[in-house]
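Contents: one structure, followed by commentary.
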Amino acid sequence: MAGAFPISNDKFKSFEIKSIQNTIISISQSGKKLSRQIDGQRWAFTIDIITAKRSDVYGKLMAFIVKQRSGKENFTIVPPEVANATGTASGIPTGTANAGDTSITLGGTGTGTLKAGDYIKFANHDKVYMVVEDQSDISTGSLTIEPPLTTAVSSSNIQFDNVPFTVYLTNDVQEFGSVGNDKDGNILYQFELDVEESL
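Rendered as structure tokens:
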């Protein structure tokens, strides 16, 4: 692990999130569809950092990116657009379920709601999951998530705000480009990076 992404959320110019889940689909002569998934689901992002001076952003960012040794190292990042739950959740909810489950039995001291599309993480997991059905009370009942749990959870704390994704760089070449000068003559730089969740 090579640290946490060093640039604050206010420096993100744009952000795109993707869900990757490879599926093999075959159609029989009769038209019946046969499908199976061949690996685990993972998240991927494209992040565009605002144009800025080297002293403001790019010295620190360039050093951090080089430290990753292309895709060799993992690091954590909290994407601003999806960092926090859209529901009213607070407190410390917990979840219990077996590996492979998508229904999590809730407990703990949490209150409020989680909404479909919120991202969560369990205390004993690096994997990030998505809530796929609204949950009106996070202290009781069950929470429906995707993808299926990679590892069992047993009264594990559920993080729903500032959820960190463990990722790696997907490109071997990282390019920092100058895009001109500001009104004071300082060179301005631009950088875009592609990352994928490390499972």
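In the working numbering, the protein residues as written are 5 to 203.
Cβ coordinates follow ideal geometry from the N, Cα and C atoms, glycine included.
Starting from residue i, follow the beta strand (DSSP E) in both directions and report where the run begins and ends.
i, result
"K22", "16–24"
"I108", "107–112"
"P210", "This structure does not reach residue 210, given that the chain is present from 5 up to 203, and the question cannot be answered."
"V135", "132–135"
"F126", "123–126"
"S30", "27–31"
"L203", "L203 -> no beta strand (DSSP E), and no H or E assigned at all."
My output table needs one value for residue i: the three-state DSSP class, helix, strand or coil.
i, result
"P83", "coil"
"D60", "helix"
"N88", "strand"
Taking 7 Å as the threshold (C-beta atoms), are residue j and residue i in contact?
i, j, result
"I96", "N13", "no"
"Q45", "L173", "no"
"S39", "D176", "no"
"V167", "Y123", "yes"
"A89", "L153", "no"
Quick check on the DSSP output: the alpha helix (DSSP H) that includes residue i runs from which residue to which?
i, result
"I69", "63–71"
Quick check: the Cα distance between residue i and residue j, rounded to an integer number of angstroms?
i, j, result
"I4", "K64", "Since the first residue of the chain shown is 5 and the last is 203, residue 4 is not available in this structure."
"E137", "S59", "44 Å"
"V132", "E20", "16 Å"
"T98", "I69", "35 Å"
Can you find a CB in chain C that lies within less than 7 Å of the CB of residue i?
i, result
"K187", "The chain inventory of the structure shown lacks chain C, comprising one protein chain alone."
Could I get the ranges of all uninterrupted beta strand (DSSP E) runs contained in the region 150–191, with 3 residues as the minimum, in chain order?
-> Complete beta strand (DSSP E) runs here, min 3: 157–163, 169–173, 181–185.
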